[in-house]
Amino acid sequence: MEEKYLPKSIEEKWQGFWEANKSFKVTEDQSAKKYYLLEMFPYPSGRIHMGHVRNYSIGDVIARFKRMRGFNVLHPMGWDAFGMPAENAAIQNRSHPARWTHENIAYMRVQLKKMGFSYDWDRELATCDVEYYKWEQLIFLQMYKKGLAYKKTSFVNWCPRCGTVLANEQVEDGCCWRCDSVVRQKELEQWFFRITDYAEELLDYTFKLSGWPERVLTMQRNWIGKSYGCEIDFPLEEHLAKIRVFTTRQDTLFGATFMSLAAEHPMALDLATPDNRAQVEAFIEKVQKSDKARRSAEDFEKEGVFTGSYCINPVTNCRMPVYLANFVLMDYGTGAVMAVPAHDQRDFEFANKYGLPLRVVIRPEGESLDPGAMTAAFTTEGILVNSGRFDGLGNEEAKEIIADFLEKEGIGTKSVNYRLRDWGVSRQRYWGNPIPMIYCDLCGAVPVPEQELPVLLPMDVTFAGEGGNPLDKVDSFVTTTCPQCGEAARRETDTMDTFVQSSWYFLRYCSPDFAAGPLDRARSEYWMSVDQYIGGIEHAVLHLLYARFFTKVLRDLGYIGIDEPFSNLLTQGMVIKDGAKMSKSKGNVVDPDALIKRYGADTARLFSLFAAPPEKDLEWSDQGVDGSFRFLNRVWRLVFDTLPLLHRAATLDPENLNDEGKALRRNVHKTIRKVTEDIEERFHFNTAIAAIMELVNTIQAFEPKNDPQSAPVLKEAIEGIIRMLAPFVPHFAEEVWAGLGNTGGIDKAGWPACDAAATMDEELLIVVQVNGKLRGKVTVPACADEGTVKEKALADAKVLPFLEGKKVRKVIYIPGKLINIVVN
RNA sequence: GCCCGGGUGGCGGAAUUGGUAGACGCAAGGGACUUAAAAUCCCUCGGUCGCAAGGCUGUACCGGUUCGAUUCCGGUCCCGGGCACCA
Numbered sequence: 087m088e089e090k091y092l093p094k095s096i097e098e099k100w101q102g103f104w105e106a107n108k109s110f111k112v113t114e115d116q117s118a119k120k121y122y123l124l125e126m127f128p129y130p131s132g133r134i135h136m137g138h139v140r141n142y143s144i145g146d147v148i149a150r151f152k153r154m155r156g157f158n159v160l161h162p163m164g165w166d167a168f169g170m171p172a173e174n175a176a177i178q179n180r181s182h183p184a185r186w187t188h189e190n191i192a193y194m195r196v197q198l199k200k201m202g203f204s205y206d207w208d209r210e211l212a213t214c215d216v217e218y219y220k221w222e223q224l225i226f227l228q229m230y231k232k233g234l235a236y237k238k239t240s241f242v243n244w245c246p247r248c249g250t251v252l253a254n255e256q257v258e259d260g261c262c263w264r265c266d267s268v269v270r271q272k273e274l275e276q277w278f279f280r281i282t283d284y285a286e287e288l289l290d291y292t293f294k295l296s297g298w299p300e301r302v303l304t305m306q307r308n309w310i311g312k313s314y315g316c317e318i319d320f321p322l323e324e325h326l327a328k329i330r331v332f333t334t335r336q337d338t339l340f341g342a343t344f345m346s347l348a349a350e351h352p353m354a355l356d357l358a359t360p361d362n363r364a365q366v367e368a369f370i371e372k373v374q375k376s377d378k379a380r381r382s383a384e385d386f387e388k389e390g391v392f393t394g395s396y397c398i399n400p401v402t403n404c405r406m407p408v409y410l411a412n413f414v415l416m417d418y419g420t421g422a423v424m425a426v427p428a429h430d431q432r433d434f435e436f437a438n439k440y441g442l443p444l445r446v447v448i449r450p451e452g453e454s455l456d457p458g459a460m461t462a463a464f465t466t467e468g469i470l471v472n473s474g475r476f477d478g479l480g481n482e483e484a485k486e487i488i489a490d491f492l493e494k495e496g497i498g499t500k501s502v503n504y505r506l507r508d509w510g511v512s513r514q515r516y517w518g519n520p521i522p523m524i525y526c527d528l529c530g531a532v533p534v535p536e537q538e539l540p541v542l543l544p545m546d547v548t549f550a551g552e553g554g555n556p557l558d559k560v561d562s563f564v565t566t567t568c569p570q571c572g573e574a575a576r577r578e579t580d581t582m583d584t585f586v587q588s589s590w591y592f593l594r595y596c597s598p599d600f601a602a603g604p605l606d607r608a609r610s611e612y613w614m615s616v617d618q619y620i621g622g623i624e625h626a627v628l629h630l631l632y633a634r635f636f637t638k639v640l641r642d643l644g645y646i647g648i649d650e651p652f653s654n655l656l657t658q659g660m661v662i663k664d665g666a667k668m669s670k671s672k673g674n675v676v677d678p679d680a681l682i683k684r685y686g687a688d689t690a691r692l693f694s695l696f697a698a699p700p701e702k703d704l705e706w707s708d709q710g711v712d713g714s715f716r717f718l719n720r721v722w723r724l725v726f727d728t729l730p731l732l733h734r735a736a737t738l739d740p741e742n743l744n745d746e747g748k749a750l751r752r753n754v755h756k757t758i759r760k761v762t763e764d765i766e767e768r769f770h771f772n773t774a775i776a777a778i779m780e781l782v783n784t785i786q787a788f789e790p791k792n793d794p795q796s797a798p799v800l801k802e803a804i805e806g807i808i809r810m811l812a813p814f815v816p817h818f819a820e821e822v823w824a825g826l827g828n829t830g831g832i833d834k835a836g837w838p839a840c841d842a843a844a845t846m847d848e849e850l851l852i853v854v855q856v857n858g859k860l861r862g863k864v865t866v867p868a869c870a871d872e873g874t875v876k877e878k879a880l881a882d883a884k885v886l887p888f889l890e891g892k893k894v895r896k897v898i899y900i901p902g903k904l905i906n907i908v909v910n
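Shown next as structure tokens:
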């Protein structure tokens, strides 16, 4: 052990040691308790950023802690390697997405290794490798067979100038980010996964995932959005057809005075009367031009157009004009809304704008409601009026009664509706997993036979940045023959959404080299489910919902026997600097490489864990990093200075200590208990580190006496510190541990055990309050009963003045903590 | 607009089940060591009144429950994140 703490050489040394010994390589060991720890894998964007450092530092603490506690820990790492940025970079640099991606992976792998994260690198995978994506193609085919993958038309953002589909993030203020043309909605045939088949189960399990943050579960429940209501048919005046609506407010049916349809509604054009046809067509065109993001903006002007047709309210028999309205979405319900302007704010505004009638059917209890005087819709609970035989009912109870009535009369049916929509997985992009389908003029869409997999993504492609998917132009890829009839046919050129790859990578990690299928069932069942998953809160819905869905699909395809992929979830906050999220454009980025170079990886890890608890945002502070570095230096000196004493230390005899020794030992074991709980139960690494710092301060104040028991107590204390620090600053701990004369690595030493007997206090400090205000403190023997404490508190010199001339009404005693004297 | 979080010193944060508000760290100020600087060590550090002992006050704001509220309840304001106008 050197006199001075030199992180660079220490870190290189131990990283070499771990690599040479394959310290973190694991296999399925039935005799050991398994622990699968996973952090969300990175997109290989170029370099790691502080968010990665934080995410992976949090994970590494848990991995190393569990290892020290004797678990067989699976801790893998890989790359979410397909995606748009690679393609954009290829266009910009006139290079190839594969090259860009692999270079980035190589660089970032070095960075992660420099951080000292304890991964089993033998399991590394990249989703753009054919060994990964070919199995995904197989899964797609099996989903297709079961009807879980299907094709339907839907709308995409389309740039007419580039001739390209745009992602939402490529649309800026309704215009193409590259050429600034106005983006329009284009209808396209696309592949979908039937996630809605699993809506009920996905919802159900949100009530069983006890290891997930309630916040995330709430968001997922809201996303799935189950609601109970009715489907009601409104007959058309001049047609045989009916318009079907879904509503959760059947209690307001008597107040429905007009009908609003989505512009995309299949009946929209048919309902346009000759006089109105031109306006209706113009309106549909206009809605298609407005992009989805804008359409949902707060200040979006509610607009509509009258079709010229009328339908009939089935309970009031009133004529209801049928409008198209820009705020009605085809994706939710039936794409048609019965408009109740008196009791829905949007309908109220719409009715005002187009001079449509208002009919009050609910009034506040004990009051009446004048339709002419209303300035907003009345949307709270009340009593039904103008509703025939239902008048006088409370509107909540009326929901059930009216639903029953509608069913009996054959007007409508009770219905459950979900917000969740099927998952569109088609992407008109090159850098993704090719969807294994073939189009034949005679046979239609034909799946690629399983034995012909993989459909290789061709490498000889040029990137222009316009004119659509580059894959379309690779003749050798597109041109093929129909597997069914042998005639000339075309390959599907859509690739799969990258969320598909991230929906099952955690399963592939269990058997990454398995050559006979996507996963080796025996190995997967040993490791799954993931015991602890860690990642950013931004993935609370999409990724985490898709991964849950995919796990259930793989279960139903017979690949695995579990229902849910992640038993416990930890969502971490963002890394902030100067009050904003770190980003290149804001220029407030802290480069992990520079940090490692200056302080070493251990300091970077320590600070990112100490500055805030994981789930909170972390405000970066350069001075704070200095503080963490100073702390490590202090510990280093403490060990180095006491080394000669520690080497001579006799065996510890806990029964035979002086008061100072006992006090220090009590401190050591109380700290062990706290740090263990903070890591294991709360993931509050900041307070765990603070507790270790306090113990270091205590040890520094401890003066070893010339008695035989001082050195062993000190030795136990210092060894405890080093072992507790090991998950946080592993290189540092390994070096110091070896310096203390230990061999074989600190993992083998295990996590220190708390000796409960040593934590027992001999005396307790009792806080004395008078009328709830702190007035004094008394020290009593730990065994003192209530009477003794009370006596001592009432006699305390600092308390007495507050009792003078007053009468003691009550004394409340909280054992071992506090006594409150109530006087008046 | 809807949904989900959050608001504690100059700063990051602590107070885990309603029981000492401000642990730990940073910054700042003072001191020791040094020819000097760095490093290190020691002291002070919410506000306010006081020579001091100590008092009063204080966890966004207003109110409530309680012997006791940063913590629970009702209302208000502000900040952050998410969204697919959810009928």
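87 is the number of the first residue of the first sequence in this note's numbering; add one for each residue after it.
Think of the CB as a built atom: it goes at the ideal place given N, C-alpha and C, for glycine as much as any other residue.
Could you tell me the boundaries of the beta strand (DSSP E) in which residue i lies?
{"i": "S240", "result": "A235 to C245"}
{"i": "A687", "result": "No beta strand (DSSP E) holds A687; the alpha helix (DSSP H) holding it covers A687 to F696."}
{"i": "I398", "result": "G390 to I398"}
{"i": "D319", "result": "S313 to P321"}
{"i": "Y516", "result": "No beta strand (DSSP E) holds Y516; DSSP gives it neither H nor E."}
{"i": "A531", "result": "G530 to P533"}
{"i": "Y525", "result": "M523 to C526"}
{"i": "R577", "result": "A574 to R577"}
Since residue i and residue j are thought to touch, with beta carbons under 8 Å apart, how far apart are those beta carbons, to the nearest angstrom?
{"i": "A348", "j": "V242", "result": "Wrong, their Cβ atoms sit about 17 Å apart, outside the cutoff."}
{"i": "E552", "j": "G249", "result": "6 Å"}
{"i": "K388", "j": "E435", "result": "5 Å"}
{"i": "L750", "j": "V799", "result": "6 Å"}
Just to confirm, are residue i and residue j a CB contact at a threshold of 8 Å?
{"i": "D337", "j": "K485", "result": "yes"}
{"i": "W165", "j": "T213", "result": "yes"}
{"i": "V782", "j": "R720", "result": "yes"}
{"i": "N857", "j": "V909", "result": "yes"}
{"i": "N654", "j": "G297", "result": "yes"}
{"i": "G132", "j": "N190", "result": "yes"}
{"i": "I648", "j": "L605", "result": "no"}
{"i": "I620", "j": "E125", "result": "yes"}
{"i": "I778", "j": "T757", "result": "yes"}
Output the distance between the C-alpha atoms of residue i and residue j, rounded to the nearest integer angstrom.
{"i": "R381", "j": "N412", "result": "Here the model assigns R381 a pLDDT of 47, short of 50, so the residue's position is not dependable and the matter cannot be decided."}
{"i": "V471", "j": "G137", "result": "57 Å"}
{"i": "W100", "j": "Y122", "result": "24 Å"}
{"i": "E88", "j": "V541", "result": "57 Å"}
{"i": "A812", "j": "A149", "result": "11 Å"}
{"i": "E701", "j": "Q570", "result": "54 Å"}
{"i": "E384", "j": "R432", "result": "In this predicted model, E384 has a pLDDT of only 37, less than 50, meaning its place in the structure is not dependable; the value taken from the coordinates is given anyway. Straight-line Cα distance between these residues: approximately 12 Å."}
{"i": "R505", "j": "M416", "result": "12 Å"}
{"i": "M154", "j": "D146", "result": "12 Å"}
{"i": "A379", "j": "Q276", "result": "Residue placement at A379 is flagged as unreliable, the pLDDT there being 45, under the threshold of 50; a coordinate-derived value is accordingly withheld."}
{"i": "L640", "j": "Y218", "result": "16 Å"}
{"i": "G659", "j": "A633", "result": "21 Å"}
{"i": "N792", "j": "V754", "result": "21 Å"}
Could you spell out where the alpha helix (DSSP H) holding residue i opens and where it closes?
{"i": "R641", "result": "L628 to D642"}
{"i": "L274", "result": "Element bounds for L274: not the alpha helix (DSSP H) but the beta strand (DSSP E), R270 to F279."}
{"i": "S501", "result": "Taken as a continuous stretch (DSSP letters only), S501 belongs to no alpha helix (DSSP H), being part of the beta strand (DSSP E) at G498 to N503."}
{"i": "A106", "result": "P93 to N107"}
What ranges does the beta strand (DSSP E) occupy inside the stretch 853–907, keeping only unbroken runs of at least 3 residues that lie completely in it? 859–867 and 894–900
Quick one: which unbroken beta strand (DSSP E) runs of 3-plus residues sit fully inside the stretch 121–160? Chain order, please. 158–160
Inside the stretch 726–768 only - beta strand (DSSP E) runs reaching at least 3 residues: none
Those runs of the beta strand (DSSP E) which lie wholly inside the stretch 289–353 and span at least 3 residues: 313–321, 328–333 and 344–347
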